[in-house]
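Take any residue in the sequence shown, note its place counting from 1, add 6, and you have its number in the numbering used here.
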Amino acid sequence: MINPQVARSLAGAAPRSFWLDQPDAPDPLPALTGRVTADLAVVGGGFTGLWTALLARERDPSLDVVLLEARTAGWAASGRNGGFCSASLTHGLANGLERFPAEMPLLERLGAENLREIGETVAAYGVDCDFALTGELNLATAPWQLDGLAEEAAAARALGHEVEVLDAAAARQELNSPLFAGGLRYPGGNAMVEPGRLAWGLRRACLEAGVRIYENTPAGSLARAGGGEAGLELTTPYGSVRAGTVVLGTGAFRPLLRRIGNYVIPVWDYALMTEPLTAAQLASLGWKDRRGASDLGNQFHYFRLTRDDRILWGGYDAVYFNGGRIHEEQAQRPRTFAMLAEHFFATFPQLEGVSFSHAWGGVIDTCTRFCPFFGTAYGGRLAYAAGYTGLGVGATRFAAQVLLDLLEKSGSERTRLTLVTSKPVPFPPEPVRSAVVQLTRSSLARADRNEGRRDAWLRLLDRLGLGFDS
Ligand SMILES: Cc1cc2nc3c(=O)[nH]c(=O)nc-3n(C[C@H](O)[C@H](O)[C@H](O)COP(=O)(O)OP(=O)(O)OC[C@H]3O[C@@H](n4cnc5c(N)ncnc54)[C@H](O)[C@@H]3O)c2cc1C
């Protein structure tokens, strides 16, 4: 039975992403009809595809670039996320140090450059997405989550980051909740953005740069061009594209290149947005510097303010639907929304009575190493990137640079990275895949209930280098 306060708070929530539910949302562009040719065809109009198309034109303004988007640019994960634009390319320091210890200084430098360049691009193209370098807060809500914070801070400092370990009082001075028992404050390394507007701004920049974008245009098949011609051919419902090179940036969706499906599963993540807070409600939080925040369980929440003083509250309940098929109805999950709302009021009891204006879900392209992987096919004419596992707002731009380097075969510093040359461990096929994912999910939830103690299954995954530790 849902707590009546929680039910009331959700009663008026619109079932769609707040970021995309804006009066000035752009009209869809016409679908592709007929046969076109291009030097580069990009499939997918999320951040990966948009950055790839834009950077391709910036690198070579004479390159003829076409972008195909199944619905409208930014409608999927790129327009539904928390808007944490992190410098990290490895889904955080701990994950990076575990998997790419020798490369971390270089990865951190490249990640910092990438974040700086995102800020510069947003400014140069006048993208009104409230880009703000706020840094971030990691907050413990249980004593066991304090373990290891000092070590993490030392590792971060060794890599040149500024970081402060917070006790309970200092954590609550950053953001006032009776649950916060301490944490870490990173004043740099993360910007907050409005992701929908970032996607729309990149779409506009692409169009202005001469990229031909076709929306409501799913690419249905991919093959070598026939008739002895070089290049690849993509078919769409009313047309086709023949291109010298192709980039796939299709996220968690069924990939045109089957092998990508061995490495990625679609995991749903959910978020709530409140109505704008009153000045008194905002003051009761004492939210310093509008820093993006998350808590530190295995199942964690992320939370942030918007420019009109709403709170986005998301995460915690990552859901894999057995079989891995994506259906838009899965974006509405009242059970998860109620759980999130309950956690919200437990964290901020001073906000009792606040309502949620929006509730939505989006699909995350999860892989077993929790950070992006890359590959090529068709003799280097096709390149792909996927697997950001919930931290792709910033990393997609870096990935776009890698994809263009791979197609240019230029042998850059980026393409030599182990991050780029290696792949994650593949998932087993169904139905074992579903069993393994659900077992991992329930073990992580149990670890959170048992003061972080990892059971035999999680310890095995840790030993195999497959363990998730937020
Ligand atoms: C709820 C939620 C919260 C998140 N929070 C954060 C966060 O705070 N910070 C962060 O860094 N990351 C976050 N993420 C992850 C982040 O949103 C993604 O990593 C990023 O947006 C991935 O971009 P993408 O372009 O690769 O994929 P997507 O945005 O999913 O775009 C893929 C596009 O490809 C299109 N497509 C697929 N198949 C075809 C086809 N055959 N033909 C044509 N088009 C096709 C789709 O329609 C889609 O538009 C979150 C994700 C979710 C769902």
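Where is the CB? At the ideal position from N, CA and C, for every residue including glycine. Just so it is clear, the structure is predicted and the values come from calculations on it, not from any experiment.
Whole-Å CB distance - glutamine 28 paired with phenylalanine 351, under 8 Å assumed: Contact between glutamine 28 and phenylalanine 351 fails: their C-beta atoms lie close to 27 Å from each other, not under 8 Å.
Proximal residues to glycine 329 (C-beta, below 7 Å), its chain only, five neighbours per side dropped: Cβ within range, chain order: Glu436 and Ser440.
Nearest neighbour of asparagine 479, chosen from Trp206, Leu73, Met345 and Leu464 [CA to CA]: The requested residue 479 does not occur in the structure, where the chain is confined to residues 7 to 476.
Cβ-based burial, arginine 341 [other Cβ within 10 Å; buried from 16]: Arginine 341 comes out exposed.
Short Cβ contact (8 Å threshold) for asparagine 101 with phenylalanine 376: In this structure, phenylalanine 376 lies closer than 8 Å to asparagine 101 by Cβ.
Chain-order list of residues whose beta-carbon lies under 6 Å from that of proline 261 (same chain, five-residue window excluded): Taken in chain order, the residues that qualify are Gly267.
Completely contained alpha helix (DSSP H) runs for the stretch 137-221, where each covers 4 or more residues: As summarised for the stretch 137-221, the continuous alpha helix (DSSP H) elements at least 4 residues long and confined to that stretch are 155-164, 174-180 and 201-214, given in chain order.
The stretch 206-218 / the stretch 168-181 touching (three or more Cβ pairs under 8 Å): No: fewer than three Cβ pairs fall under 8 Å.
Segments assigned beta strand (DSSP E), at least 3 residues, entirely inside the stretch 282-342: You should have 298-301, 307-311 and 317-321.
Nearest-angstrom Cα separation, counted from aspartate 275 out to glutamine 444: So the alpha carbons of these two residues sit roughly 15 Å apart.
Near ligand 1: aspartate 275 beta-carbon under 7 Å from a heavy atom: Taking 7 Å as the cut-off, the C-beta of aspartate 275 counts as close to a heavy atom of ligand 1.
Tyrosine 308 beta carbon near ligand 1 (any heavy atom closer than 7 Å): Yes, ligand 1 has a heavy atom inside 7 Å of this Cβ.
Residues that DSSP places opposite tyrosine 390 in a beta bridge: Per DSSP, Leu254 and Gly381.
Alpha-carbon to alpha-carbon, alanine 146 and serine 476: Any reading at serine 476 must be qualified, since the residue scores a pLDDT of 42, below 50, and its modelled position is unreliable; no value is offered.
Cβ-heavy atom distance, asparagine 196 to ligand 1, below 7 Å: Distance from the C-beta of asparagine 196 to the nearest heavy atom of ligand 1 is not below 7 Å.
Sub-8 Å separation of glycine 368 and alanine 337 beta-carbons: Contact flag set, yes.
Contact the stretch 79-90 vs the stretch 249-264: 3+ CB pairs below 8 Å: Verdict: yes, contact present.
Cβ pair alanine 365, proline 21 closer than 8 Å: It is a contact, given that the beta carbons lie within the stated cut-off.
C-alpha distance - leucine 121 paired with arginine 465, whole-angstrom precision: Linking leucine 121 to arginine 465 through their CA atoms gives a straight-line distance of about 34 Å.
Segments of 3+ residues assigned as beta strand (DSSP E) that fall wholly inside the stretch 82-118: DSSP runs (the beta strand (DSSP E)) wholly in the stretch 82-118: 90-92.
Three-state secondary structure (DSSP) of phenylalanine 362: When secondary structure is reduced to three states using DSSP, phenylalanine 362 falls in the strand class.
Cβ neighbour criterion (16 or more within 10 Å) applied to glycine 398: So glycine 398 ends up on the buried side.
Alanine 337: CB within 7 Å of a non-hydrogen atom of ligand 1: Checking every heavy atom of ligand 1 against the Cβ of alanine 337, none is found closer than 7 Å.
Distance between alanine 229 and alanine 236 (C-alpha atoms, nearest Å): If you draw a straight line from the Cα of alanine 236 to the Cα of alanine 229, it is about 11 Å long.
Ligand 1 heavy atom lying under 7 Å from the CB of leucine 265: Per the sequence shown, residue 265 should be read as arginine rather than leucine. Not so, every heavy atom of ligand 1 lies at least 7 Å from the Cβ.
For serine 227, the first and last residue of its enclosing beta strand (DSSP E): For serine 227, the enclosing beta strand (DSSP E) stretches over residues 227-230.
Alpha helix (DSSP H) runs contained entirely in the stretch 381-467, provided each spans 4 or more residues: Listed in chain order, the complete alpha helix (DSSP H) runs (minimum 4 residues) inside the stretch 381-467 are 401-414, 424-427 and 438-455.
The stretch 416-434 contacting the stretch 291-305, beta-carbon criterion three pairs below 8 Å: Judged by Cβ distances under 8 Å, the stretch 416-434 makes no contact with the stretch 291-305, as fewer than three pairs qualify.
Per-residue DSSP class, three states only, for tryptophan 494: Residue 494 is absent from the model: the chain starts at 7 and stops at 476.
Own chain partners of alanine 160 with C-beta closer than 8 Å, once the 5 adjacent residues on each side are dropped: So no residue of the chain qualifies.
Span separating the alpha-carbon of aspartate 134 from that of leucine 208: Those two C-alpha atoms are separated by around 11 Å.
Distance between glycine 202 and alanine 4 (C-alpha atoms, nearest Å): Because the chain spans 7 through 476 in this model, residue 4 falls outside it and cannot be assessed.
Counted within 10 angstroms of its Cβ, other Cβ atoms place histidine 333 as buried (16 or more) or exposed: Per the 10 Å Cβ criterion, exposed.
Cβ neighbour criterion (16 or more within 10 Å) applied to leucine 470: Exposed, because fewer than 16 other Cβ atoms sit within 10 Å of the Cβ of leucine 470.
Among Ser92, Ser227 and Gly234, nearest to leucine 263 - alpha-carbon criterion: The alpha carbon of leucine 263 has as its nearest neighbour, out of Ser92, Ser227 and Gly234, the alpha carbon of Ser227.
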